[in-house]
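Chemist:
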Amino acid sequence: MDHYDPDILTEEAFQKRFHYKNPTDDKWKIPQCAIFSCEGGVVGGLSGVKEGLNEVKSSLNHYEIQKWNKHTTFVNPSGKVLNVLRRRIQPELSTQAWCKFHELLSYGNVIPTNCGAGDTLCSVHLCEAPGGFIASLNHHLKSQRPNVKHKWVGNTLNPYYEGNPLSSCIVDDRLISRTLKSWCFGQDNTGDVFKPEFMDSLSAHCHNEFDDATIGLVTADGSLNCADKPGEQETVVAPLHHVEMLDALQLLCSGGTFVM
Numbered sequence: 013m014d015h016y017d018p019d020i021l022t023e024e025a026f027q028k029r030f031h032y033k034n035p036t037d038d039k040w041k042i043p044q045c046a047i048f049s050c051e052g053g054v055v056g057g058l059s060g061v062k063e064g065l066n067e068v069k070s071s072l073n074h075y076e077i078q079k080w081n082k083h084t085t086f087v088n089p090s091g092k093v094l095n096v097l098r099r100r101i102q103p104e105l106s107t108q109a110w111c112k113f114h115e116l117l118s119y120g121n122v123i124p125t126n127c128g129a130g131d132t133l134c135s136v137h138l139c140e141a142p143g144g145f146i147a148s149l150n151h152h153l154k155s156q157r158p159n160v161k162h163k164w165v166g167n168t169l170n171p172y173y174e175g176n177p178l179s180s181c182i183v184d185d186r187l188i189s190r191t192l193k194s195w196c197f198g199q200d201n202t203g204d205v206f207k208p209e210f211m212d213s214l215s216a217h218c219h220n221e222f223d224d225a226t227i228g229l230v231t232a233d234g235s236l237n238c239a240d241k242p243g244e245q246e247t248v249v250a251p252l253h254h255v256e257m258l259d260a261l262q263l264l265c266s267g268g269t270f271v272m
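Residue 23 in the working numbering sits at position 11 of the sequence shown; the count goes up by one each step and never skips.
1. Between K161, N159 and P124, which has its C-alpha nearest S266's C-alpha?
2. Can you tell me which of C134, A129, T168 and G64 puts its alpha carbon nearest to the alpha carbon of Q156?
3. Just to confirm the assignment: which complete alpha helix (DSSP H) runs, minimum length 4, are found wholly within the stretch 64-116?
4. Return the chain-ordered list of same chain residues with a C-beta closer than 6 Å to the C-beta of G91, the five sequence neighbours on each side being excluded.
5. When the Cα of D240 is compared with those of V249, G234 and D233, which residue comes out closest?
6. Could you spell out the range, first to last residue, of the alpha helix (DSSP H) harbouring A147?
7. Using alpha carbons as the reference points, say which of K154, G228 and N88 lies closest to V165.
8. When we look at the beta-carbon of T269 and count the other beta-carbons within 10 Å, is it buried (16 or more) or exposed?
9. Quick check on the burial criterion: 16 or more other C-beta atoms within 10 angstroms. Buried or exposed for G175?
10. Tell me the DSSP bridge mates of P123?
11. If you follow the beta strand (DSSP E) that T231 is in, where does it begin and where does it stop?
12. Where E24 and P208 are concerned, what is the direct C-alpha to C-alpha distance, given to the nearest angstrom?
13. In this structure, does DSSP put F270 in helix, strand or coil?
14. Three or more C-beta pairs under 8 Å: does that hold for the stretch 176-192 against the stretch 131-142?
15. By DSSP, does M257 sit in helix, in strand, or in coil?
16. Assuming contact is defined by CB atoms lying nearer than 8 Å, are E221 and K163 in contact in what I supplied?
17. May I ask you to report which of helix, strand or coil DSSP gives H135?
18. Enumerated in chain order, which unbroken segments of the alpha helix (DSSP H) with a length of 4 residues or greater are wholly contained in the stretch 188-227?
19. Out of L116, N88, N159 and S189, point me to the one whose CA is closest to S148's CA.
20. Given this structure, state the Cα-to-Cα distance separating S59 from L72, to the nearest angstrom.
21. Does the stretch 199-217 come into contact with the stretch 102-111, if we say contact requires no fewer than three beta-carbon pairs (one atom in each stretch) closer than 8 Å?
22. Rounded to the nearest angstrom, what separates W195 and P171 at their Cα positions?
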């Protein structure tokens with residue numbers, strides 16, 4: 013029987029990276045507008061895999077959600093990482109999002125290469141509450157790039173707007189309440205990125221906050237509640253990813269970074 017070192021297996025898991033290369037015979041081309049005007053197709057093979065996967069997942073339906081969450085927490089070894097971080101470095105906002113973005117910052121070229129000592133990094137964080145990415149980026153810059161100045165704008169569904177369903181908002185406002193001036197909720201104060209006019213409000217807000225400086229980093233870590241359709245999570249969240257991408261591409265400068 014082969015012996016597998018758990019440390020090696022763990023390291024291999026973190027090395028799963030894929031790189032897109034420029035075409036050798038031509039430049040990147042933006043798809044034609046018609047690509048978004050036709051009905052979505054179904055790939056037969058993948059559809060069968062999806063049905064099989066959902067069938068397996070549905071076998072868990074008879075378990076109480078509290079017991080199931082307790083079980084998954086118990087068997088997840090990476091869940092201990094947060095406790096170690098809280099004890100050793102005491103981050104501003106110790107969440108899974110904090111860890112996720114810190115991992116990206118540690119091995120990826122997230123910070124634009126032209127952002128050096130004395131420069132200012134302007135970043136925008138879409139669907140950000142409670143603020144793990146912002147706190148993680150701040151920790152990274154303060155500890156690894158202390159000579160880089162940082163300005164940021166955050167966005168999320170406004171938890172203080174009475175018209176927003178509380179079930180759709182992140183109620184953890186520890187960061188938002190202390191940095192409210194740095195958050196953009198749009199002209200209607202909802203923070204809803206699906207509103208057609210939101211992009212114009214966000215763009216104007218960023219230009220004002222950043223004094224027309226270019227935006228080098230945009231992150232989008234949003235999701236939607238898929239409890240009613242657990243087998244259609246990707247389909248439910250796809251429209252959100254679409255608007256996040258459109259907003260990010262309109263904001264970013266040439267050579268900037270988009271994390272979604």
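Note that beta-carbon positions come from the ideal geometry of N, C-alpha and C, so glycine has one too.
What you are looking at is a predicted structure, and each value in this text was computed from that prediction instead of being measured.
Modeler: So, from the data block:
1. Numbered from its first residue, the sequence shown carries residue 266 at position 254. Considering only alpha carbons, the answer is P124.
2. On the sequence shown, residue 156 is found 144 positions in, with the first residue counted as 1. For the residues C134, A129, T168 and G64, the minimum Cα distance to Q156 belongs to A129.
3. 77-87 and 92-100
4. Taking the sequence shown and counting its residues from 1, one reaches residue 91 at position 79. For G91, where only same-chain residues beyond five positions count, the Cβ hits under 6 Å are T85.
5. Looking up residue 240 in the sequence shown gives position 228. Checking every option, the nearest Cα to that of D240 belongs to V249.
6. Taking the first residue of the sequence shown as position 1, residue 147 is located at position 135. Counting along the chain, the alpha helix (DSSP H) containing A147 begins and ends at G144 to Q156.
7. Stepping through the sequence shown from its first residue, residue 165 is reached at position 153. Minimum Cα distance to V165 is reached at G228.
8. The residue given as residue 269 occupies position 257 in the sequence shown. Its Cβ being crowded by 16 or more others within 10 Å, T269 is buried.
9. Against the sequence shown, residue 175 aligns to sequence position 163. Looking at its Cβ environment, which holds fewer than 16 other Cβ atoms inside 10 Å, G175 is exposed.
10. Position 111 of the sequence shown, counted from the start, is the residue given in the question as residue 123. Contrary to the premise, residue 123 reads as Ile rather than Pro in this sequence. BP columns for I123 are empty, so no partner.
11. The count along the sequence shown starts at 1 and reaches residue 231 at position 219. Note, T231: beta strand (DSSP E), I227 to A232.
12. As a first step, residue 24 must be located in the sequence shown, where it is residue number 12. As a first step, residue 208 must be located in the sequence shown, where it is residue number 196. Cα-Cα distance, rounded: 43 Å.
13. Sequence index remark: in the sequence shown, residue 270 carries index 258 (1-based). Looking at F270 - three-state DSSP - the assignment turns out to be strand.
14. yes
15. Looking up residue 257 in the sequence shown gives position 245. It is helical.
16. Position 209 of the sequence shown, counting from 1, holds the residue named residue 221. Position 151 of the sequence shown, counting from 1, holds the residue named residue 163. Yes, these two residues count as a Cβ contact at 8 Å.
17. Reading the sequence shown from its first residue, position 123 is the one you call residue 135. Note that residue 135 is Ser in the sequence shown, not His. Strand.
18. 210-221
19. Numbered from its first residue, the sequence shown carries residue 148 at position 136. Ranking the options by Cα distance to S148, first place goes to L116.
20. Reading the sequence shown from its first residue, position 47 is the one you call residue 59. Reading the sequence shown from its first residue, position 60 is the one you call residue 72. If I take the Cα positions, the gap works out to 21 Å.
21. no
22. Locating residue 195 in the sequence shown gives position 183, where the first residue counts as 1. Locating residue 171 in the sequence shown gives position 159, where the first residue counts as 1. Going by the C-alpha atoms only, they are around 12 Å apart.
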